[in-house]
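K.L.:
Residue numbers (our numbering): -2 to 588.
C-beta atoms are modelled at their ideal positions from N, C-alpha and C, and glycine is treated no differently.
Everything numeric in this text was worked out from a predicted model, so none of it was measured.
Let me give you the structure first, and then I'll get to my questions.
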Amino acid sequence: MTQSPVTQLLADVKSDKIAIPELQRPFVWDSVKVRDLMDSLYKGYPVGYLITWQSVGAKLKGGQIAAHQQILIDGQQRITALRAAVAGLKVINKRYKPVRITISFNPITEEFATLTPVIERSPQWIADISEYFNSSSPLTFAREYLERNPGADPKTFEDSLARLGSIQHAQIGIISLDDGLDVETISEIFIRINSKGVPLSSADFAMSKIATYGDRGRNLRKLIDYFCQLSVAPHAYSDIQENDREFEATPYLKAISWLKDEAEDLYDPEYSDVIRVAGLVGFSRGKASSIVSELSGRDPETKKVDEQRIPVAYDKLERALLQIVSNYHFDNFLMLIKSAGFITQGMVNSRNAMNFAYALYLRLREDADISEGERKRIVKRWFVMSMLTGRNSGGFESTWEQDIRRIGELGAANYVKQVEEAELSDAFWDFALPAALETTSTTSPFFQTFLAAQVTNNARGFLSKGITVAAMHQQSGDIHHIVPKDYLQKNGYPDRGDYNQVANFVLTETSINISISNKSPSTYMRQVDTQIKSGVLNLGEITDADDLARNLVENAVPVRLSTVDASSYKGFLVERRKLMAATIRDYYQAL
């Protein structure tokens, strides 16, 4: 660990010897925290360590290449606050607009505060401490203050001003991590040093590394940040366009300008997701840390750094990112996922399943031997298969690399078939899947895949004549019990784990659910039978026996529903799980 005075830190940041990747992102501290930091430095209180990581081959201002540049990986907000308060530099606010955070100081009361109109009018306050730190003549500054405050005690004032000036020379500890350490080791060190135990992800490292490559790297990082921001907040486009002139002058803003009119929220990737997809598309690598190695020029075979590899790696990254943010690619991928029945964000409980599927889609677009129809079939089947088998959980990064490699070796269609034979055998469909459906979680990928199958099959809601599951999904349709909760609780099933089984759930119109109330299936199905015979509607709108039979099949509900009561409820659940699994199997094989 080394010590560095505040002025030297700020000078190193200004010259790019220390890179702060966060500088172009919105400053998350409020002015009170900046004030408190200055107060702590004034009083000589500890303000924590900074942690830096050495980067090889970074581009500095003016285009020079640094043999070693320190990337600040912990302490960005503190350094940015010092730049704002001491150097008088602007920070980026939530609208991406450069703004001042001005800290004032009262040398008589030794009090720091955020500048207000009242403070600005008061002669007793130094309205902006950066004016003192940057004054060409501190003596003149002091004399003018005393002239404005003739009643001030000169000794008290001079002592306070000297202590204020000493902030520039306050020593801050820096822990510098060697560039030879891998990202996982650095993350572990970071967690142990950081008192909050906050993890530093590989994606954070990748974003920091990307930003060190001069203007190009900084704007590629912004491309990722802004793409993710606009995905969830399209209105931010005008702020970016107006306030980030550097980025606006690049072709990257145009590449993501379509997001300002986008309202789709099925897939709103975060920066870690974009990093993962870019790794697969650009480098065939599943780990975000591997991108850091690539951008550092590290040869994956020899583990040695070759700086000639660095610009090539940034070319690959840029190409991958432009594919990822393409309006045409993104929209076509979402249409593909929707065509598999996953039409709302809540139906996809695995972001990584979306990430790999998108990467696979983009890679297959590069293969001229695969038709558009075959490409869509492969991606849909892979996506649903990965949802059903949990392929994107646990140590998924290594699995991803293996999958990408095998797809390259065998061809996508052949490898998908190989994985299906291993993962989706008859035993899976007949035993493992029904067992997996024995859950109360409506967010379970197995239940959501069943609903996706219903969407694809254009199935109607339970006992609905015309309202589809898809329509209810898009209008926040309700999930209700086939055998009512109240009926089960009063007849021997008081536990949530019994009555809230997903095999007891269907999407139903609220009006139908109200009509069912707490009646047993035998009771409310008699109402439907009477309705069919009389034509008088009192529970839904089905008035044809064959249509009722079709509706039960569409919802994978046993045809003997009218005989189900508390005594046969357990057997009903077993039977319905098998029907749901069969529905999913037929759906998958038709993809």
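(1) Assuming Gln451 and Val466 are in contact, meaning their beta carbons sit under 8 Å apart, how far apart are those beta carbons, in whole angstroms?
(2) Have a look at Phe569, Lys377 and Arg97 and flag the residue whose alpha-carbon is nearest the alpha-carbon of Val554.
(3) For the beta strand (DSSP E) containing His326, list its first residue and its last residue.
(4) What is the residue span of the beta strand (DSSP E) that Leu47 lies within?
(5) Which residue marks the beginning of the beta strand (DSSP E) containing Asn103, and which one marks its end?
(6) Going along the chain, which unbroken runs of the alpha helix (DSSP H) with 4 or more residues stay wholly within the region 126 to 152?
(7) Give the straight-line distance between the Cα atoms of Ala81 and Ala139, rounded to the nearest whole angstrom.
(8) Give me whichever residues DSSP pairs with Val345 in a beta bridge.
(9) Is the separation between the beta-carbon of Pro231 and that of Lys257 shorter than 7 Å?
(10) Assuming Ser286 contacts Phe202 (C-beta within less than 8 Å), just tell me the rounded distance between them.
(11) Anyone know if the C-beta pair for Asp448 and Gly537 falls short of 7 Å?
(12) Check the C-beta distance from Thr606 over to Asn497 and give it rounded, since I have them as a contact under 8 Å.
(13) Confirm, please, whether the CB-CB distance from Ile100 to Val31 is below 7 Å.
(14) Flag this pair as touching only if the region 122 to 136 and the region 155 to 166 have three or more C-beta atom pairs under 8 Å; answer yes or no.
(15) Indicate the three-state DSSP secondary structure (helix, strand or coil) for Arg22 in the structure shown.
(16) From the DSSP output, read off the bridge partner residues of Asp71.
(17) Are Lys94 and Asn240 touching if we call contact CB-CB under 7 Å?
(18) What did DSSP end up calling Ala233 once you bin it into helix, strand or coil?
(19) Determine whether the beta carbon atoms of Val49 and Gln67 lie at a separation below 7 Å.
(20) Going along the chain, which residues of its own chain have a beta-carbon closer than 6 Å to the beta-carbon of Ile272, five neighbours each way excluded?
(21) Please work out which residues of its chain come closer than 8 Å, Cβ to Cβ, to Leu333, disregarding the five sequence neighbours upstream and downstream, and give them in chain order.
(22) How far does the alpha helix (DSSP H) with Glu572 in it reach, from first residue to last?
(23) Over the uninterrupted alpha helix (DSSP H) stretch that includes Ala308, give me the two end residues.
(24) Quick check on Glu108: does DSSP put it in helix, strand or coil?
(25) Among residues of its own chain, excluding the 5 on either side of Arg306, which ones have a beta-carbon nearer than 6 Å to its beta-carbon?
(26) Please state whether DSSP places Ala16 in a helix, a strand or coil.
(27) Return helix, strand or coil for Leu174, following the three-state DSSP convention.
(28) In the structure shown, what three-state DSSP assignment does Ser1 receive?
(29) Check each candidate in Gln168, Asn103, Val25 and Val115 and name the one with the smallest Cα separation from Met(-2).
(30) Does DSSP put Tyr42 in a helix, in a strand, or in coil?
(31) Start and end of the beta strand (DSSP E) containing Phe502?
(32) Along the chain, which unbroken stretches of the beta strand (DSSP E) at least 3 residues long are found entirely within the region 267 to 304?
(33) When you measure from the CB of Ser1 to every non-hydrogen atom of the ligand NAD, does any distance come out below 6 Å?
(34) Around the Cβ of Thr77, are there at least 16 other Cβ atoms within 10 angstroms (buried) or fewer (exposed)?
(35) How is the beta strand (DSSP E) around His470 delimited, first residue to last?
(36) Could you compute how far the alpha carbon of Gly72 sits from the alpha carbon of Gly338?
P.N.:
In brief:
(1) The beta-carbon separation of Gln451 and Val466, rounded to 4 Å, stays under the 8 Å limit for a contact.
(2) Looking at the Cα atoms, Phe569 is the closest of the given residues.
(3) No beta strand (DSSP E) contains His326, which is instead part of the alpha helix (DSSP H) from Asn324 to Ser336.
(4) Residues Leu47 to Ser52.
(5) Per DSSP, the unbroken beta strand (DSSP E) holding Asn103 starts and ends at Ile100 to Asn103.
(6) If we require 4 residues or more, the alpha helix (DSSP H) runs fully inside the region 126 to 152 come out as 126 to 130 and 135 to 145.
(7) C-alpha separation (whole angstroms): 22 Å.
(8) DSSP lists no beta-bridge partner residue for Val345.
(9) Between Pro231 and Lys257, the C-beta spacing is below 7 Å.
(10) Rounded, the Cβ-Cβ distance is 7 Å, consistent with contact.
(11) Per the sequence shown, residue 448 should be read as Leu rather than Asp. No, these two residues do not count as a Cβ contact at 7 Å.
(12) Any property of residue 606 remains undetermined from this structure, which presents the chain solely from -2 to 588.
(13) Closer than 7 Å, so yes.
(14) By the criterion of at least three beta-carbon pairs nearer than 8 Å, the region 122 to 136 is in contact with the region 155 to 166.
(15) Look at Arg22 here: in three-state DSSP terms it is coil, with no helix or strand label.
(16) DSSP lists Ile48 as partners of Asp71.
(17) For the 7 Å CB-CB criterion, Lys94 and Asn240 form a contact.
(18) Annotated three-state conformation of Ala233 is helix, per DSSP.
(19) According to the sequence as given, residue 49 is Thr; it is not Val. Yes. Within cutoff.
(20) Excluding sequence neighbours, Ile272 sits near Ala200, Ala203 and Ala285.
(21) Counting only Cβ-Cβ distances below 8 Å, and skipping sequence neighbours, we find Tyr358, Lys373, Val376 and Lys377.
(22) Here the alpha helix (DSSP H) through Glu572 covers Tyr566 to Ala587.
(23) Strictly speaking, residue 308 in this sequence is Pro, with Ala absent from that position. Element bounds for Pro308: Arg306 to Ile321.
(24) For Glu108, the three-state secondary structure derived from DSSP is strand.
(25) Closer than 6 Å at Cβ, skipping near neighbours: Gly294.
(26) For Ala16, the three-state secondary structure derived from DSSP is strand.
(27) In the structure shown, Leu174 falls within a strand segment according to DSSP collapsed to helix, strand and coil.
(28) Reduced to three states, the DSSP call for Ser1 is strand.
(29) Nearest of Gln168, Asn103, Val25 and Val115 to Met(-2), Cα basis: Gln168.
(30) If DSSP states are grouped into helix, strand and coil, Tyr42 belongs with coil.
(31) Start and end: Phe502 to Thr505.
(32) Listed in chain order, nothing qualifies, since the region 267 to 304 has no complete beta strand (DSSP E) run of 3 or more residues.
(33) As for the ligand NAD, it is missing from this structure, which has no ligand bound.
(34) Classification of Thr77: buried, given that the 10 Å Cβ count is 16 or more.
(35) Not the beta strand (DSSP E): His470 falls in the alpha helix (DSSP H), residues Val466 to Gln471.
(36) Between the C-alpha atoms of Gly72 and Gly338 there is a straight-line separation of about 45 Å.
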